[in-house]
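Chains as they are written, first to last, in the numbering used here: chain A, 4 to 390; chain B, 19 to 551.
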Amino acid sequence: MKQKQSLIKNPSFQAILTSLICIVLGLFIGFIVLLLINPAGAGEAISTILLNFLTRASAAAQMKALGNTLAKTAPLLMCALSICFCYKVGLFNIGAPGQYEAGACIGLYAALAWHCNWFVCLLLAAIAGAVVGSISGALKAYRNVNEVISGIMLNWIMLYLTNMVLTSKSVKDPTSPYTIKLSSGNPKALIPSAGLNNLFANNKTVTIAIPLAILFAILIWVILSKTKFGYELRATGFNKEAAKYAGMKEKQNIIVTLAIGGALAGIGAAFLFLTGYQEWSTTQTSVPGMGFNGIAATFLGGLHPIGTIFASFFIQSITDGGALINKSVYPSQISDLISSLIIYLCGFVLFFKFAINNWIGKKDKGGPNVNDVPVTDDAAKTEGGDK
Amino acid sequence: MDAPYAIEMVNITKRFPGIIANDNITLQLKRGEIHALLGENGAGKSTLMSVLFGLYQAEEGVIKKDGKEVKINNPNDANDLGIGMVHQHFKLVQCFTVLQNIILGVETTKGGVLQMEEARKKVMSLSEKYGLQVDPDAKIEDITVGMQQRTEILKMLYRDNEILIFDEPTAVLTPQEIDELMEIMKNLRAEGKSILFITHKLNEIKAVADRVTVLRRGKYIGTVDVATTSKEEMSRMMVGRDVNMVVEKEPAHPGETILKVENMTVASKLHSNNAVKNVSFEVHEGEIVCIAGIDGNGQTELVYGLTGMEPLVDGKITLCGEDITKASIRQRSKYLSHIPEDRHKHGLVLDYPLEYNMVLQRYYQPEFTSKAGFLKRPAIRAYSERLEKEHDVRSGQGPITIARAMSGGNQQKAIIAREIDKDHKLLVAVQPTRGLDVGAIEGVHRNLIKERDNGRAVLLISLELEEVMNVPDRILVMYEGEIVGELDPKKTTVEELGLYMAGAKRNVGIDANTSEIEKTEVIDTAAEGKEEA
Numbered sequence: 004m005k006q007k008q009s010l011i012k013n014p015s016f017q018a019i020l021t022s023l024i025c026i027v028l029g030l031f032i033g034f035i036v037l038l039l040i041n042p043a044g045a046g047e048a049i050s051t052i053l054l055n056f057l058t059r060a061s062a063a064a065q066m067k068a069l070g071n072t073l074a075k076t077a078p079l080l081m082c083a084l085s086i087c088f089c090y091k092v093g094l095f096n097i098g099a100p101g102q103y104e105a106g107a108c109i110g111l112y113a114a115l116a117w118h119c120n121w122f123v124c125l126l127l128a129a130i131a132g133a134v135v136g137s138i139s140g141a142l143k144a145y146r147n148v149n150e151v152i153s154g155i156m157l158n159w160i161m162l163y164l165t166n167m168v169l170t171s172k173s174v175k176d177p178t179s180p181y182t183i184k185l186s187s188g189n190p191k192a193l194i195p196s197a198g199l200n201n202l203f204a205n206n207k208t209v210t211i212a213i214p215l216a217i218l219f220a221i222l223i224w225v226i227l228s229k230t231k232f233g234y235e236l237r238a239t240g241f242n243k244e245a246a247k248y249a250g251m252k253e254k255q256n257i258i259v260t261l262a263i264g265g266a267l268a269g270i271g272a273a274f275l276f277l278t279g280y281q282e283w284s285t286t287q288t289s290v291p292g293m294g295f296n297g298i299a300a301t302f303l304g305g306l307h308p309i310g311t312i313f314a315s316f317f318i319q320s321i322t323d324g325g326a327l328i329n330k331s332v333y334p335s336q337i338s339d340l341i342s343s344l345i346i347y348l349c350g351f352v353l354f355f356k357f358a359i360n361n362w363i364g365k366k367d368k369g370g371p372n373v374n375d376v377p378v379t380d381d382a383a384k385t386e387g388g389d390k
Numbered sequence: 019m020d021a022p023y024a025i026e027m028v029n030i031t032k033r034f035p036g037i038i039a040n041d042n043i044t045l046q047l048k049r050g051e052i053h054a055l056l057g058e059n060g061a062g063k064s065t066l067m068s069v070l071f072g073l074y075q076a077e078e079g080v081i082k083k084d085g086k087e088v089k090i091n092n093p094n095d096a097n098d099l100g101i102g103m104v105h106q107h108f109k110l111v112q113c114f115t116v117l118q119n120i121i122l123g124v125e126t127t128k129g130g131v132l133q134m135e136e137a138r139k140k141v142m143s144l145s146e147k148y149g150l151q152v153d154p155d156a157k158i159e160d161i162t163v164g165m166q167q168r169t170e171i172l173k174m175l176y177r178d179n180e181i182l183i184f185d186e187p188t189a190v191l192t193p194q195e196i197d198e199l200m201e202i203m204k205n206l207r208a209e210g211k212s213i214l215f216i217t218h219k220l221n222e223i224k225a226v227a228d229r230v231t232v233l234r235r236g237k238y239i240g241t242v243d244v245a246t247t248s249k250e251e252m253s254r255m256m257v258g259r260d261v262n263m264v265v266e267k268e269p270a271h272p273g274e275t276i277l278k279v280e281n282m283t284v285a286s287k288l289h290s291n292n293a294v295k296n297v298s299f300e301v302h303e304g305e306i307v308c309i310a311g312i313d314g315n316g317q318t319e320l321v322y323g324l325t326g327m328e329p330l331v332d333g334k335i336t337l338c339g340e341d342i343t344k345a346s347i348r349q350r351s352k353y354l355s356h357i358p359e360d361r362h363k364h365g366l367v368l369d370y371p372l373e374y375n376m377v378l379q380r381y382y383q384p385e386f387t388s389k390a391g392f393l394k395r396p397a398i399r400a401y402s403e404r405l406e407k408e409h410d411v412r413s414g415q416g417p418i419t420i421a422r423a424m425s426g427g428n429q430q431k432a433i434i435a436r437e438i439d440k441d442h443k444l445l446v447a448v449q450p451t452r453g454l455d456v457g458a459i460e461g462v463h464r465n466l467i468k469e470r471d472n473g474r475a476v477l478l479i480s481l482e483l484e485e486v487m488n489v490p491d492r493i494l495v496m497y498e499g500e501i502v503g504e505l506d507p508k509k510t511t512v513e514e515l516g517l518y519m520a521g522a523k524r525n526v527g528i529d530a531n532t533s534e535i536e537k538t539e540v541i542d543t544a545a546e547g548k549e550e551a
């Protein structure tokens with residue numbers, strides 16, 4: 004009993020537990036929605052969402068499908084890291100989709116118009132994301148413009164700018180709204196697989212982007228928790244005034260943070276479009292969901308870069324699984340509806356964490372306890388973020 | 019209804035994990051008395067009041083109102099029982115008027131329409147009855163702290179509260195406003211209200227309270243009559259040992275000039291005119307210079323200009339022979355240590371553990387950061403442990419305690435430890451004893467004098483008259499952004515100091531660069547007022 008008590012007080016355990024509660028609750032609500040629409044197929048549909056690639060017939064097909072999910076996990080993870088990193092510095096980088104668009108724009112343009120190799124394209128995508136991020140950063144630092152507002156506006160500006168740039172002759176496929184396939188336009192720009200494709204039934208979209216994204220997650224974690232740079236950034240995030248008092252360049256830190264966040268999102272775009280998994284549609288009129296899903300992955304991952312790896316995979320997996328739901332039984336929007344319900348519930352991680360601590364507090368007959376302090380603060384911050 | 023006590027808290031015990039915040043405490047408030055609650059930081063005063071206000075539930079003990087046991091589960095219950103509280107930090111809506119703030123939450127409406135006139139009548143009659151002068155149509159952001167506090171008191175009276183809790187009400191007031199508040203409290207008592215007065219200031223207890231209950235480290239020490247108990251006895255009850263009420267120090271031996279400020283002008287963030295106007299002074303090694311004055315006369319901006327938090331409009335600052343007028347905060351920190359006015363806003367990163375706060379000014383130095391940019395965690399831990407030990411900083415879990423979870427006194431001790439331990443020639447201490455109890459204040463003063471005796475220059479900014487008179491070797495008085503007086507604390511009286519602080523007297527800046535006390539001259543305050551207009 005005592006051990007169980009101390010285990011439940013452990014912050015890491017709490018983070019994992021609350022994330023699991025959110026997932027279960029999300030699936031449950033999704034299940035109810037499915038039941039309401041058509042009770043007959045609900046059980047099968049929910050298991051399809053969960054099992055995703057495992058529903059495929061053969062082992063080879065399963066591996067191939069898993070490869071696809073992983074290929075899309077890498078960009079999602081980069082977007083989630085972008086948001087996670089900025090969040091740790093007290094900034095809510097809802098501009099990640101805009102930075103992602105900038106990365107896609109320059110990455111693809113460099114690949115198709117300038118015929119650069121994949122590494123140069125990747126680097127340029129990172130720089131493009133960083134530039135867009137630092138616009139929000141500079142506005143925040145020098146004019147105290149809320150980064151959420153400027154981020155959202157930049158999301159749209161970058162969307163149409165990207166559409167415009169990628170419509171140019173050398174980049175766009177003249178017969179479709181999409182950009183030219185890299186495999187025909189410039190194979191040099193495809194991120195190498197380095198043999199990883201063989202593990203996934205020769206799925207060519209499985210590239211070194213996947214291990215690279217995981218390396219980035221570890222790198223972000225090390226920077227935030229182990230270095231002087233991370234110490235300064237987090238101090239700035241917690242208390243800008245105290246950072247200034249201690250002689251830190253708090254304005255510069257804000258810009259640098261959003262620039263790094265932007266670079267991560269920009270690389271995220273490169274990790275999708277430079278694998279040849281997908282082409283950019285120059286007629287799209289909605290901001291790509293990748294950046295927004297990153298927010299859910301960040302919270303589901305307990306705001307920890309390492310947790311974000313697993314959360315990104317899970318979210319990508321249910322999204323892909325949702326696409327496999329039997330369309331003759333359910334309307335075609337159902338897959339997005341169910342996965343977005345689950346993603347939505349992921350945002351409740353902090354709420355459940357708070358509830359658990361309250362419950363522990365009551366059990367200890369102590370009301371709010373010391374553990375509550377950081378937790379309530381986290382909750383307060385999400386409120387701030389939501390504004 | 020015949021019970022003599024308006025409210026009784028009997029044998030209250032409240033535990034938090036690892037600590038007993040209230041250990042069997044009994045507090046009995048008679049009807050129509052001013053009852054002081056005295057104790058050091060972390061003695062359990064706030065916890066006890068939170069229990070009374072329904073924010074916490076006690077594990078043991080009962081609360082009785084008029085002799086009958088009551089359950090207070092939340093602040094609404096407390097309100098229903100007629101318990102009201104003026105918090106240390108006011109809970110007012112800045113852009114609402116006084117009247118709107120008072121009625122907020124208990125508005126009278128007719129068919130959904132506010133009945134302001136009715137409310138106004140009630141507020142004005144209350145204001146007259148208790149001598150609480152307010153302008154009902156002024157916005158909170160435009161009125162003085164004193165009037166804001168009167169608004170808070172009117173809020174309680176408007177709700178017909180019978181039991182009034184004042185949580186350290188004098189911390190934010192000028193000496194004159196404190197006197198006024200004391201009068202108001204006496205009026206309230208005369209009208210039959212029962213008052214709980216939380217404070218560490220013994221003078222104030224002596225001035226208004228009938229009885230005082232003393233807590234120490236969560237334990238009930240006793241309840242005594244104020245009239246028959248001396249201040250020394252009260253402080254002994256509070257601290258548990260004899261406290262030296264007079265600051266002991268040797269005469270100063272000022273040496274070379276460390277800080278030289280020439281014609282410094284700093285802009286104000288709130289007003290269009292400058293907050294600090296053409297100020298010049300020097301601080302030498304081995305002396306404590308105190309800038310005295312009523313809050314809001316430019317002291318904060320003076321410190322901001324000095325420490326680099328705000329740029330100067332004009333003037334020159336020389337520190338240890340180097341021109342630092344345009345230097346960054348980091349460059350200045352080579353010679354300058356700064357105990358900031360607001361420890362939560364500037365002094366600490368509250369969500370960082372104590373150890374990270376201990377290196378806030380030094381984290382980048384090779385001692386704590388490797389060449390590759392990685393923090394040296396063991397070195398930081400050891401450093402924090404050493405400072406905690408040397409300066410008796412107490413916390414729940416040592417270096418890994420989150421700063422937010424520490425008591426105010428220990429937070430301040432941590433800041434002082436950090437700033438004193440760091441290399442420096444000049445220590446700028448801004449209200450270093452604000453919100454601290456007698457025992458802790460004594461420690462801070464001892465530290466300041468030790469700094470001086472170690473040959474450092476100390477610039478103390480203080481609002482506390484007692485501190486101004488006892489600690490420094492030289493007093494500079496600030497009034498409306500100017501230094502209007504230079505006084506020798508040994509040769510001056512509190513009354514004289516008060517005249518300078520109120521702008522009624524001036525001995526500096528009449529002729530350029532004169533500072534002899536003989537040149538004292540009384541300036542007609544009315545004329546001064548006209549000049550300002």
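The beta carbon of each residue, even a glycine, is placed where N, CA and C say it ideally should be.
Keep in mind it's a predicted model, so treat the numbers as computed, not measured.
{"Check": "Alpha carbon to alpha carbon, what distance is there between Thr311/A and Lys3/A?", "Outcome": "Here chain A covers residues 4 to 390 and nothing more, so residue 3/A does not appear."}
{"Check": "Using a Cβ-Cβ cutoff of 9 angstroms, what residues of the segment 343–354 of chain B are near chain A? List them in chain order.", "Outcome": "Ser346, Ile347, Arg348, Gln349, Arg350 and Ser351"}
{"Check": "Run down chain B in chain order and give the residues with a C-beta less than 8 angstroms from the C-beta of Asn166/A.", "Outcome": "None at all; the shortest Cβ gap to chain B is about 40 angstroms."}
{"Check": "Check the Cβ of Lys363/B against every Cβ in chain A and list those closer than 9 angstroms, keeping chain order.", "Outcome": "Asn242, Glu244, Ala245 and Tyr248"}
{"Check": "Going straight from the alpha carbon of Gly265/A to that of Ala273/A, what length do you get?", "Outcome": "12 angstroms"}
{"Check": "How about Leu185/A and Leu127/A: are their beta carbons less than 8 angstroms apart?", "Outcome": "no"}
{"Check": "Apart from the five residues on each side of it in sequence, which residues of its chain come closer than 8 angstroms, Cβ to Cβ, to Gln255/A?", "Outcome": "Ala144"}
{"Check": "Taking the C-alpha atoms as reference points, what is the distance between Ala133/A and Asn488/B?", "Outcome": "56 angstroms"}
{"Check": "Could you check if Cys308/B is buried or exposed, using at least 16 other CB atoms within 10 Å of its CB as the buried criterion?", "Outcome": "buried"}
{"Check": "Does the beta carbon of Val367/B sit closer than 8 angstroms to a beta carbon anywhere in chain A?", "Outcome": "yes"}
{"Check": "Identify every run of the beta strand (DSSP E) within the segment 238–288 of chain B, keeping only runs that are complete inside it and at least 3 residues long; order them along the chain.", "Outcome": "275–285"}
{"Check": "In this structure, does DSSP put Lys78/A in helix, strand or coil?", "Outcome": "Correcting the residue type first, residue 78/A is Pro in the shown sequence and not Lys. Helix, per DSSP."}
{"Check": "Thr165/A bridges to which residues according to DSSP?", "Outcome": "Answer is none; Thr165/A lacks a bridge partner."}
{"Check": "Between the segment 49–58 of chain B and the segment 244–258 of chain B, do at least 3 Cβ pairs fall closer than 8 angstroms?", "Outcome": "yes"}
{"Check": "Where does Ala18/A sit, in a helix, a strand or coil, going by DSSP?", "Outcome": "helix"}
{"Check": "Can you tell me whether Val367/B is helix, strand or coil according to DSSP?", "Outcome": "coil"}
{"Check": "List, in chain order, every chain A residue whose beta-carbon is nearer than 8 angstroms to that of Gln379/B.", "Outcome": "Ala249 and Gly250"}
{"Check": "Just to make sure I have the definition right: I need the residues of chain A whose C-beta is within less than 9 angstroms of the C-beta of Phe392/B. Which are they?", "Outcome": "Val225, Lys229, Thr230 and Lys231"}
{"Check": "Rounded to a whole number of angstroms, what is the C-alpha to C-alpha distance between Gly258/B and Arg234/B?", "Outcome": "8 angstroms"}
{"Check": "Taking only three categories from DSSP, how would you classify Met327/B?", "Outcome": "coil"}
{"Check": "Can you tell me which of the three DSSP states Met293/A falls into?", "Outcome": "helix"}
{"Check": "Using a beta-carbon distance below 8 angstroms, is Ala238/A in contact with chain B?", "Outcome": "yes"}
{"Check": "In chain order, which alpha helix (DSSP H) runs of at least 4 residues are fully inside the segment 243–324 of chain A?", "Outcome": "243–248, 253–276 and 292–303"}
{"Check": "Does the beta-carbon of Arg350/B have 16 or more other beta-carbons within 10 angstroms, so that it is buried, or is it exposed?", "Outcome": "buried"}
{"Check": "Starting from Glu359/B, trace the beta strand (DSSP E) both ways and give me its first and last residue.", "Outcome": "Glu359/B -> no beta strand (DSSP E), and no H or E assigned at all."}
{"Check": "What first and last residue would you give for the beta strand (DSSP E) that runs through His409/B?", "Outcome": "Note, His409/B: premise wrong, no beta strand (DSSP E); not H, not E."}
{"Check": "At which residue ranges does the segment 414–459 of chain B contain complete beta strand (DSSP E) runs of 3 or more residues, listed in the order of the chain?", "Outcome": "444–448"}
{"Check": "Counting only Cβ pairs nearer than 8 angstroms, list the residues of chain B close to Ser234/A.", "Outcome": "The sequence shown places Tyr at residue 234/A, rather than the Ser named in the question. Within chain B, the residues near Tyr234/A are Tyr374, Tyr381 and Leu393."}
{"Check": "Nearest to Gly50/B by alpha carbon, out of Pro187/B, Val226/B, Asp491/B and Lys173/B?", "Outcome": "Val226/B"}
{"Check": "Determine the chain A residues that contact Pro555/B at a beta-carbon separation under 8 angstroms, and present them in chain order.", "Outcome": "Beyond the ends of chain B as shown, which are 19 and 551, falls residue 555/B; an answer cannot be given."}
{"Check": "Cβ of Lys86/B within 7 angstroms of any heavy atom in the ligand PLP?", "Outcome": "Questions concerning the ligand PLP fall outside what the structure shown contains, since it holds no ligand whatsoever."}
{"Check": "Could you give the DSSP three-state label for Arg168/B: helix, strand or coil?", "Outcome": "helix"}
{"Check": "Taking the alpha carbon of Val14/B as the point to measure from, which residue in Leu172/B, Gln449/B and Thr169/B has its own alpha carbon closest?", "Outcome": "This structure leaves residue 14/B out entirely; chain B is present only between 19 and 551."}
{"Check": "Pull up the distance between the alpha-carbon of Pro180/A and that of Leu79/A, whole angstroms please.", "Outcome": "24 angstroms"}
{"Check": "On the criterion of 16 or more Cβ atoms from any shown chain inside 10 Å, does Ser15/A qualify as buried, or is it exposed?", "Outcome": "exposed"}
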